[in-house]
Amino acid sequence: MRRIQTYEFKLSVFLLIVVTFIVPANIRQNGTLIVYNFGFPCNYWSIYQGSEGSYILFDNLFNGNRGMDINILSLFFNIVIIYALVILLKKIYIKFISN
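Quick note on full-length UniProt numbering: the sequence shown kicks off at 1 and runs consecutively.
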């Protein structure tokens with residue numbers, strides 16, 4: 001089994017956090033609550049609000065949310081996808097540099 005490359009893994013976790021703050025939420029109305037789903041490519045963080053708020057994560061964290069849910073499996077899946085993309089981009093870059 002191949003060992004995880006720590007620099008690329010740290011970069012993928014950093015990219016996941018940055019993308020979560022940049023990409024706007026998917027908004028759903030769930031009865032009386034409004035659900036803001038964050039995460040890319042899969043939603044892993046849900047924030048429940050009673051009133052209409054912003055679609056950006058930072059505003060929803062500190063402006064009267066009713067609760068939140070972090071799906072660990074989707075978070076791990078996002079990290080794996082971004083890690084695979086970082087490794088692929090690194091291999092393509094090395095291939096073009098060596099030619």
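By construction, the Cβ of each residue, glycine as well, lies at the ideal position given by its N, Cα and C atoms.
Here the structure is a predicted model, which means the values were calculated and not measured.
- Query: In this structure, does DSSP put Tyr36 in helix, strand or coil?
  - Reply: By one-based count along the sequence shown, residue 36 stands at place 36. In this structure, Tyr36 counts as strand in the three-state DSSP scheme.
- Leaving out the 5 sequence neighbours to the left and right, which residues in its chain are closer than 7 Å to Asn26 when beta-carbon positions are compared? One-based indexing of the sequence shown puts residue 26 at position 26. So the list reads Asn37 and Asn43, once near-sequence residues are dropped.
- Task: Identify every residue that forms a DSSP beta bridge with Gln29.
- Result: In the sequence shown, counting from the first residue as 1, residue 29 sits at position 29. According to DSSP, which records beta bridges pairwise, Gln29 is partnered with Ile34.
- Is the segment 74 to 81 touching the segment 52 to 63, taking contact as three or more C-beta pairs under 8 Å? no
- Should Tyr83 go down as buried or exposed, given a rule of 16 or more other Cβ atoms within 10 Å for buried? Reading the sequence shown from its first residue, position 83 is the one you call residue 83. Buried is the call here.
- Message: Using the Cβ count rule (16 or more neighbours within 10 Å means buried), how would you classify Ser12?
- Response: Locating residue 12 in the sequence shown gives position 12, where the first residue counts as 1. Counting Cβ neighbours within 10 Å, Ser12 comes out buried, since at least 16 surround it.
- Query: With 16 other CB atoms within 10 Å as the buried threshold, where does Gln29 fall?
  - Reply: Stepping through the sequence shown from its first residue, residue 29 is reached at position 29. By the neighbour-count definition (other C-beta atoms within 10 Å, threshold 16), Gln29 is an exposed residue.
- Residues near Phe9 in its chain [Cβ-Cβ closer than 7 Å; skip 5 each side]: Here the question's residue 9 lines up with position 9 in the sequence shown. Cβ neighbours of Phe9 beyond the five flanking positions: Tyr83.
- Rounded to whole angstroms, what's the CA-CA distance from Thr20 to Gly39? Just pull it up for me. Your numbering for residue 20 matches position 20 in the sequence shown. Your numbering for residue 39 matches position 39 in the sequence shown. Going by the C-alpha atoms only, they are around 5 Å apart.
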